[in-house]
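Protein chains in written order, with the working numbering: chain A, 76 to 402; chain B, 76 to 402.
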């Protein structure tokens with residue numbers, strides 16, 4: 076029996092790779108380096124053509140923006156808003172136009188102008204398909220968000236809307252929508268923008284830091300919802316060894332979002348929305364909802380084997396929720 | 076006119092990418108991050124199947140060893156022997172066997188056991204061809220080797236033999252050899268090992284540090300010969316804006332290396348040998364040749380537009396020497 080990567084699936088593959096690593100990105104969004112009295116957070120992301128991006132859906136500038144911002148989102152959801160640097164590895168087929176490469180980097184520069192950081196190095200090679208590998212480095216701050224920091228009694232907070240990016244993807248690819256519901260021009264614009272130009276939750280992180288009540292310490296669990304809302308909560312439950320109970324009515328829908336329940340799937344498992352999903356002590360959770368208009372308490376954490384339930388005790392099928400398997 | 080990457084060639088492509096970066100790996104082997112009172116050196120390398128490695132030539136363990144050691148070589152030739160960490164990005168076709176992945180990581184672990192460092196994170200995706208992206212981080216030491224540190228009057232030192240890895244590749248692929256010269260079993264073994272299991276010049280770096288005469292300061296230029304001996308000297312001349320004069324008789328040949336001059340090309344431009352190529356003040360150059368048996372003064376640096384000459388004034392064609400163009 077020599078299993079292939081397809082036999083294993085991505086989760087089992089990552090699980091098997093754990094034994095080769097001290098800790099870091101496999102259990103969390105980020106790896107960490109202690110460099111005397113300053114600590115650094117490090118994140119590597121790969122983007123492969125046709126899997127993570129496609130010229131039919133986005134232009135090179137948008138792709139450049141997205142490579143950098145998705146990396147920044149991992150730093151932000153780990154507590155770091157001080158972005159230091161990026162190393163960019165680029166695999167390109169020989170018939171790639173320079174114009175495409177230039178636009179890609181210009182998109183990256185736009186993102187760095189917005190969020191900080193600079194490209195300090197990288198590598199380049201030809202290959203059959205385009206591939207972008209980004210290693211981002213940020214400075215660790217007073218608040219270190221870990222997936223594994225949740226405790227029973229915590230409230231689960233989402234800092235914004237979900238499903239927009241998934242709708243944007245469907246609109247860009249002319250995919251059949253869940254139902255024939257009317258979609259407002261404003262929602263169309265917002266959804267396409269969410270997909271092409273994701274905006275990491277730096278404001279939410281700042282609000283989170285500012286609103287912390289003096290009565291609580293800096294312990295908070297967090298991740299981003301890049302792999303979907305449910306998947307991000309699953310990650311917190313898994314790393315913190317606890318259960319989540321979610322309130323369906325509390326999960327925010329974008330104002331114009333279609334009412335039909337068949338559209339809910341994209342809110343729960345659409346992915347690529349880059350909001351912060353936090354597990355916080357009650358007072359801190361309430362404080363951030365006061366400070367940040369878009370933040371919402373969507374459930375709570377309790378003891379038990381890693382699992383997610385709706386508040387009507389219905390179990391959420393985590394296996395089905397993991398849409399972001401690339402094998 | 077929309078030039079493709081093939082139209083531009085790798086050097087022009089890297090040149091065009093410079094405007095998007097502060098400094099770092101494009102002009103040198105490495106990028107640098109200041110993290111309060113400790114500085115870090117960072118290097119990203121991409122390895123693409125069929126271009127940088129192939130299952131027909133090397134097994135997965137050897138490939139794993141090579142990915143890590145080629146990265147370490149960039150840290151070492153920048154002065155760092157304190158290897159901190161690696162982030163590994165892996166693109167794999169779905170039909171890749173887990174066994175291959177496990178062996179790859181085991182080869183990486185062997186290299187880390189030998190030279191230090193640990194894998195702290197990474198990413199994984201499927202794709203059409205295998206690709207390995209490694210970002211290595213090391214600690215900056217008292218000696219910071221830059222390509223751009225050479226000064227007229229310096230001696231050029233090579234810390235070991237060249238051509239072995241290229242011969243190893245030819246033997247592994249049953250490529251026609253430059254001539255029908257006899258090759259000893261020992262040379263065959265050494266050449267194949269040089270290609271499959273390159274050994275970064277950590278001993279040479281340590282010797283370099285230990286033997287520095289008190290009369291000179293820590294200024295030294297250096298790079299590794301991963302892209303070939305001549306290409307490494309070209310890099311130093313380019314970054315230091317100076318000329319190199321090489322003595323053909325001084326370039327060391329491995330004891331059993333065939334005498335025929337048609338074999339010289341592999342010594343000069345074979346690549347993947349990972350020796351240190353240094354530009355040092357005379358006293359320091361002489362000191363390292365006394366300390367390190369395999370080190371040899373092979374030429375000197377003089378003023379002038381970047382170029383390389385033999386000591387009979389024959390100019391070395393740099394364009395032809397750059398065999399490591401992957402586009």
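We put the CB at the ideal spot given by N, CA and C, even for glycine. Nothing here was measured: the structure is a model prediction, and the numbers come from that model.
Query                                                                                                                                                                                     : Result
Can you tell me whether residue 300 (chain A) is buried or exposed? The criterion is at least 16 other CB atoms within 10 Å of its CB, across all chains shown.                           : buried
Could you tell me which chain B residues have their CB closer than 8 Å to the CB of residue 203 (chain A), listed as they occur along the chain?                                          : 203, 204
Evaluate residue 250 (chain B) with the Cβ neighbour count: other Cβ atoms within 10 Å of its Cβ, from every protein chain shown; 16 or more gives buried, anything less gives exposed.   : exposed
State yes or no: is the beta carbon of residue 160 (chain A) nearer than 9 Å to at least one beta carbon in chain B?                                                                      : yes
Output, in sequence order along the chain, the residues in the segment 161–176 of chain A whose CB is closer than 8 Å to any CB in chain B.                                               : 162, 163, 164, 165, 166, 167, 168, 169, 170, 171, 172, 173, 174, 176
Reducing DSSP to helix, strand and coil, say where residue 198 (chain A) ends up.                                                                                                         : strand
Near residue 137 (chain A), which residues of its chain fall below 7 Å by C-beta distance, leaving aside the five closest residues on each side in sequence?                              : 182, 271, 272
Applying a beta-carbon distance threshold of less than 8 Å, which residues of chain A neighbour residue 198 (chain B)?                                                                    : 100, 119, 120, 121, 208
Would you kindly report the start and end of the unbroken beta strand (DSSP E) that includes residue 384 (chain B)?                                                                       : 382–385
Taking only the alpha-carbon atoms, compute the straight-line gap between residue 338 (chain B) and residue 187 (chain A) and give it to the nearest angstrom.                            : 49 Å
Taking the alpha helix (DSSP H) that residue 180 (chain B) falls in, what are its first and last residues?                                                                                : 173–190
Report buried or exposed for residue 222 (chain B), applying the criterion of at least 16 other Cβ atoms within 10 angstroms of its Cβ.                                                   : buried
Please list the terminal residues of the continuous beta strand (DSSP E) segment that includes residue 298 (chain A).                                                                     : 296–299
For residue 81 (chain B), decide whether its Cβ has a neighbour in chain A, counting only Cβ atoms nearer than 9 Å.                                                                       : yes
Over what stretch of residues does the beta strand (DSSP E) that includes residue 370 (chain B) continue unbroken?                                                                        : Looking at the DSSP string, residue 370 (chain B) is not in any beta strand (DSSP E), and its letter there is neither H nor E.
So, is the C-beta of residue 127 (chain A) closer than 9 Å to a C-beta in chain B?                                                                                                        : yes
Which whole-angstrom value describes the C-beta separation of residue 307 (chain B) and residue 371 (chain B), a residue pair presumed to lie in contact below a C-beta threshold of 8 Å? : Not confirmed; about 14 Å, so no contact.
By the three-class DSSP mapping on this structure, what secondary structure does residue 82 (chain B) have?                                                                               : helix
Under the assumption that residue 276 (chain A) contacts residue 143 (chain A) (Cβ atoms under 8 Å), give the Cβ distance between them as a whole number of angstroms.                    : Contact doesn't hold; Cβ gap of about 15 Å is too wide.
Is the segment 316–335 of chain B close to the segment 217–236 of chain B, with three or more CB pairs under 8 Å?                                                                         : yes
Between which two residues does the beta strand (DSSP E) carrying residue 210 (chain B) extend?                                                                                           : 206–214
In the segment 221–285 of chain A, which residue ranges form an unbroken alpha helix (DSSP H) of at least 4 residues, counting only runs that do not cross its ends?                      : 239–247, 260–271, 277–285
Can you round the beta-carbon distance between residue 352 (chain B) and residue 286 (chain B) to whole angstroms, since I take them to be within the 8 Å contact cut?                    : In fact, because the Cβ distance is near 17 Å, the residues do not count as touching under 8 Å.
Could you give the distance in angstroms between the alpha-carbon of residue 163 (chain B) and the alpha-carbon of residue 124 (chain A)?                                                 : 19 Å
Beta-carbon separation of residue 147 (chain B) and residue 159 (chain B) under 9 Å?                                                                                                      : no
Residue 77 (chain B) touches chain A at which residues, Cβ-Cβ below 8 Å?                                                                                                                  : 172, 173, 174
Pick helix, strand or coil for residue 141 (chain A), following the three-state DSSP scheme.                                                                                              : helix
Give the range of the beta strand (DSSP E) segment to which residue 388 (chain B) is assigned.                                                                                            : No beta strand (DSSP E) contains residue 388 (chain B), which DSSP labels as neither H nor E.
For residue 155 (chain A), which residues from the same chain have a beta carbon less than 7 Å from its beta carbon, with the 5 sequence-adjacent residues on both sides left out?        : 116, 213, 214, 215, 216
Going by the CB atoms, is the gap between residue 303 (chain B) and residue 344 (chain B) shorter than 9 Å?                                                                               : yes
Counting pairs of Cβ atoms below 8 Å between the segment 253–260 of chain A and the segment 329–336 of chain A, do you hit three or more?                                                 : yes
Could you tell me whether the Cβ of residue 226 (chain B) comes closer than 9 Å to any Cβ of chain A?                                                                                     : no
Is there a Cβ from chain B that is less than 9 Å from the Cβ of residue 147 (chain A)?                                                                                                    : no
Can you check whether the C-beta of residue 195 (chain B) is within less than 9 Å of a C-beta belonging to chain A?                                                                       : yes
Can you tell me which of B:175, B:201, B:190, B:197 puts its alpha carbon nearest to the alpha carbon of residue 81 (chain A)?                                                            : B:201
With 16 as the cutoff for other CB atoms within 10 Å, does residue 356 (chain B) come out buried or exposed?                                                                              : buried
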